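Those protein sequences? They're chains A and B, same order as listed.
For the first sequence, the working numbering gives the first residue as 1409, with consecutive numbering after it.
For the second sequence, the working numbering gives the first residue as 1409, with consecutive numbering after it.
First the structure, in the form of structure tokens, and then the observations on it.
Number of protein chains: 2
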Amino acid sequence: MKVFVVGANGKVAQHFADFVKEDEVIEEIAMIRDPKQADFFEERGIETVLLDLVKNSIDDIAEAMKDADAVVFSAGAGGAGDDQTVLIDLDGAIKAMTAAEQAGIKRFVMVSTFRTGREEMSKDNDLQIYTIAKNYADEWLKNRTALDWTIVHPGILVDTQGTDQIKTGMGQEIAEIPRQDVAKTLISVLNNDNTIKKEFEILGGDQTIEEAINNL
Amino acid sequence: MKVFVVGANGKVAQHFADFVKEDEVIEEIAMIRDPKQADFFEERGIETVLLDLVKNSIDDIAEAMKDADAVVFSAGAGGAGDDQTVLIDLDGAIKAMTAAEQAGIKRFVMVSTFRTGREEMSKDNDLQIYTIAKNYADEWLKNRTALDWTIVHPGILVDTQGTDQIKTGMGQEIAEIPRQDVAKTLISVLNNDNTIKKEFEILGGDQTIEEAINNL
């Protein structure tokens, strides 16, 4: 399965590339914005395409996706300002969904934020604009596309070593999860069609990722 | 017909209040954020409700709307920053739509921007975030509600005296339109059910507003 990763150079997605290198089923096409980012992927035998989610058109992105079987959306403005949040986390996500449909791809895995929904969107905090952007991107994916989506809502991302132990659910108390375990969960999601049309939170827990995803 | 106006103190909506005062069919409930804004409406015999589109809940807004037959959405962040654009023009609009549905109101008239859609959203200019916010609010209204919507896309708003002469259409070259004529068009839209499930641009033109709206 060829997986087109939007936001391939992000921290979660770099761990994803490491798992792809070891995986027998999944290959990756890494969408990157800066040619300097290519080495990391080439070292792992991963093809790169140079595209800018904001500046390139849906047609450009669809063309780059044409050999892929699935899309993982792991891009994010990450504190670059509210304008970038709107351009990347909201509109960029919707552009990627539209491109996937245009390219005839069915499978779309979204890395969302831990909690969306009205209560969270109403909180006057530093993450409010980000939460709203992610919420409406998720809403679009679920309600305005015919994609086989999965939405993963990770807890607080940390850079500690992955444990391969998670728990899934919805409405859980927030807790940490290593980025490496999020990446491994994405691999497992792609390998398990029982995750189609499902969304779930992931936190550090006591089930192996394989077990947790199989039992969703 | 009782019309609940979100963003009642805005420039277009203030002209709207003047027309309401003369209209035999339309009454207004003006949603305002600052008690100091109430005098303007009381002088015109218009009821006010004090609510904040960002801070108040959908339940609060729905409760205030409960005696209304229609909603006009004319709020806008108006250059107060990208965060306010997301909170008011996108999420605030969707909150107002949800509140209207919750209150059992069918009719919803949106004052949009001149041009939305992918081409306009992709333009890297000062209005890009605003255009994206308005676009997705319009999309929600059309595709995610069961409201009897009308979307009005005015050209460049100016404060010159209204002429009562407009032209309607889609994909027109942008031109000016007095705010007073936009307000009068909203009155005409509310009085004409043939505008339901339609969206159109309005610019200065050579048809009377009544004629232009009747012939949509």
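For every residue, glycine included, the Cβ atom is placed at its ideal position computed from N, Cα and C.
Quick caveat: nothing in here was measured; it's all calculated off a predicted structure.
- Here Val1433 (chain A) is exposed, its C-beta having fewer than 16 other C-beta atoms within 10 Å.
- Remark: three or more beta-carbon pairs, one from each stretch, lie closer than 8 Å, so the region 1511-1520 of chain B and the region 1551-1558 of chain B are flagged as touching.
- A Cβ-Cβ separation of about 5 Å places Thr1593 (chain B) in contact with Ile1617 (chain B) under the 8 Å criterion.
- Apart from sequence neighbours up to five positions away, the residues of its chain that approach Lys1429 (chain A) with a beta-carbon distance below 6 Å are Arg1452, ordered along the chain.
- Interface flag for Ile1469 (chain B) against chain A is unset, since no Cβ pair is found closer than 8 Å.
- Annotated three-state conformation of Lys1575 (chain A) is strand, per DSSP.
- When DSSP states are grouped into helix, strand and coil, Gly1489 (chain A) belongs to the coil group.
- Any Cβ of chain A closer than 8 Å to the Cβ of Arg1523 (chain B) would place that residue at the interface, and such an atom is absent.
- Taken in chain order, the unbroken stretches of beta strand (DSSP E) that lie wholly in the region 1488-1561 of chain A and span 3 residues or more are 1515-1519.
- Under the Cβ criterion of 8 Å, Val1457 (chain A) is not counted among the residues facing chain B.
- In the DSSP assignment, Ala1478 (chain A) forms a beta bridge with A:Val1411 and A:Arg1515.
- Taking 9 Å as the upper bound on Cβ-Cβ separation, chain A lies near residues Arg1526, Met1529, Ser1530 and Asp1532 of the region 1509-1534 of chain B.
- Against chain A, the beta carbon of Leu1549 (chain B) has no neighbour under 9 Å; the closest one sits roughly 13 Å away.
- Annotation for Ser1596 (chain A): Ile1617, Glu1618 and Ile1621 place their beta carbon closer than 7 Å to its own, counting only its chain and skipping 5 residues before and after.
- Rounded to whole angstroms, the Cβ separation of Val1462 (chain B) and Leu1495 (chain B) is 5 Å, and the two are in contact under 8 Å.
- From the listed residues A:Gly1579, A:Asp1614 and A:Glu1435, the smallest Cα separation to Gly1570 (chain A) is found for A:Asp1614.
- Taking 8 Å as the cut-off, the Cβ atoms of Met1529 (chain B) and Thr1521 (chain B) do not count as close.
- Nearest CB-CB separation between Val1414 (chain B) and chain A: not below the 8 Å threshold.
- Judged by DSSP in its simplified three-state form, Gln1445 (chain B) adopts helix.
- Residue burial annotation: Pro1443 (chain A) is exposed, with fewer than 16 other C-beta atoms found within 10 angstroms of its C-beta.
- Distance from Asp1567 (chain A) to Arg1587 (chain A) at the Cβ level is roughly 6 Å; contact confirmed, criterion being Cβ atoms closer than 8 Å.
- Residue contact check for Leu1555 (chain A) against chain B: no CB pair falls below 8 Å.
- One alpha carbon belongs to Asp1601 (chain A), the other to Leu1598 (chain B), and they sit about 49 Å apart.
- Membership of Glu1581 (chain A) in any alpha helix (DSSP H) is not indicated, and neither H nor E is assigned to it by DSSP.
- The CB of Val1494 (chain B) comes closer than 9 Å to the CB of Asp1490, Thr1493, Val1494, Leu1498, Gln1536, Ile1537, Ile1540 and Ala1541 in chain A, given here in chain order.
- If the five residues before and after Lys1606 (chain A) are omitted, its C-beta is found closer than 7 Å to the C-beta atoms of Thr1558 and Leu1624, all from its own chain and listed in chain order.
- In this structure, the beta-carbon distance from Asn1543 (chain A) to Gly1525 (chain A) falls below 8 Å.
- Just so you know, the alpha carbons of Ala1488 (chain B) and Pro1562 (chain A) end up roughly 32 Å apart.
- For Ile1437 (chain A), the closest alpha carbon among the candidates A:Gln1422, A:Ala1425, A:Glu1455 and A:Leu1611 is that of A:Glu1455.
- Any Cβ of chain A closer than 8 Å to the Cβ of Arg1552 (chain B) would place that residue at the interface, and such an atom is present.
- In this structure, Phe1424 (chain B) keeps its C-beta atom at 8 Å or more from the C-beta atom of Ala1545 (chain B).
- In this structure, the alpha-carbon of Ala1508 (chain A) lies about 21 Å from that of Gln1422 (chain A).
- A straight line joining the alpha-carbon of Val1411 (chain B) with that of Gly1486 (chain B) spans about 23 Å.
- In this structure, DSSP gives Leu1458 (chain A) an extended state, which the three-state scheme calls strand.
- Under the three-state reduction of DSSP output, Thr1568 (chain B) falls in the coil class, being neither helix nor strand.
- Ile1559 (chain B) is outside the set of residues whose beta carbon lies under 8 Å from a beta carbon in chain A.
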